[in-house]
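Below is one structure, written out as structure tokens; comments come after it.
In the working numbering, the protein residues as written are 400 to 597.
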């Protein structure tokens, strides 16, 4: 009996939670109209760990000390067709007692002038921190300075008004929460030409 052409399996995104240095085992269950035998293929670039596959059970082991989020594209192959691409998200919780912290801040910048300021991060163990910027400002740009502790905000040409960006701190093992830097860009009256009254 010819059941027609092979139908590719369909998979959905999955999110798994685990703790630092702790493996998590899960099952992939594709929707396969042909009920074929299948295998899993996955990306490794942002895995931050290893995956062991036994049948339809997968075990993810994060790299030693890693905490944060790993997003891994994966597909199922039924021997004839590949499924759609879905995303495996592994959320690895660190030791919150030793995680770095950050603070919100409010700054004043002058129009058409760069502003240099410091990230407000603290690590209870004194570990060096890096500061990923999560959200660039809508009316300018933020660049990390070479010292790794400060940034330079440059407002868009001619812009005055409110702006903001978000960042967090990372100590090599754990991420902090998210901090918001609020900026008020003001006109520089000193650069205005003098007013002449007639």
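Quick reminder that beta carbons are idealized off the backbone N, C-alpha and C, glycines included.
Beta-carbon within less than 7 Å of residue i's beta-carbon, same chain only, minus the 5 sequence neighbours each way: which residues are those?
{"i": "residue 454", "result": "none"}
{"i": "residue 610", "result": "Absent from the model: residue 610. The displayed extent of the chain is 400 to 597, so no value can be given."}
Since residue i contacts residue j with CB under 8 Å, what's their CB separation in whole angstroms?
{"i": "residue 461", "j": "residue 501", "result": "Actually they do not touch by this definition, with Cβ atoms about 23 Å apart."}
{"i": "residue 579", "j": "residue 503", "result": "5 Å"}
{"i": "residue 478", "j": "residue 440", "result": "The pair is not a contact, with the Cβ atoms about 12 Å apart (cut-off 8 Å)."}
{"i": "residue 532", "j": "residue 569", "result": "Actually they are not in contact, since the Cβ atoms of residue 532 and residue 569 sit about 12 Å apart, beyond 8 Å."}
What does a CB cutoff of less than 8 Å around residue i pick up in its chain, not counting 5 residues either side in sequence?
{"i": "residue 410", "result": "427, 429, 430, 473, 474, 475, 482, 483, 485"}
{"i": "residue 560", "result": "538, 583, 584"}
So, with DSSP's three-state summary, where would you put residue i?
{"i": "residue 587", "result": "coil"}
{"i": "residue 447", "result": "coil"}
{"i": "residue 400", "result": "Residue confidence is low: residue 400 scores 45 on pLDDT, short of 50, so the model does not pin down where it sits. Its coordinate-derived value is still stated next. Coil at residue 400, not helix or strand."}
{"i": "residue 427", "result": "coil"}
{"i": "residue 415", "result": "strand"}
{"i": "residue 406", "result": "coil"}
{"i": "residue 570", "result": "coil"}
{"i": "residue 438", "result": "strand"}
{"i": "residue 465", "result": "coil"}
{"i": "residue 421", "result": "coil"}
{"i": "residue 455", "result": "coil"}
{"i": "residue 475", "result": "strand"}
Here's a check: name, in chain order, each residue in its chain whose Cβ is nearer than 6 Å to the Cβ of residue i, leaving out the five neighbours to either side.
{"i": "residue 400", "result": "Reliability fails at residue 400, whose pLDDT of 45 lies under 50, so the model's placement of it is uncertain and the value that follows must be treated cautiously. Excluding sequence neighbours, residue 400 sits near nothing in its chain."}
{"i": "residue 480", "result": "405, 407"}
{"i": "residue 417", "result": "423, 491"}
{"i": "residue 487", "result": "413, 471, 473"}
Contact criterion: CB-CB distance below 7 Å. Does residue i meet it with respect to chain B?
{"i": "residue 429", "result": "Checking the listed chains, one finds no chain B in this structure; it contains a single protein chain."}
Which partner residues does residue i have in the DSSP bridge list?
{"i": "residue 562", "result": "582"}
task: Scan the stretch 479-552 and note each continuous alpha helix (DSSP H) run of 4 residues or more that stays entirely inside, going in chain order.
output: none
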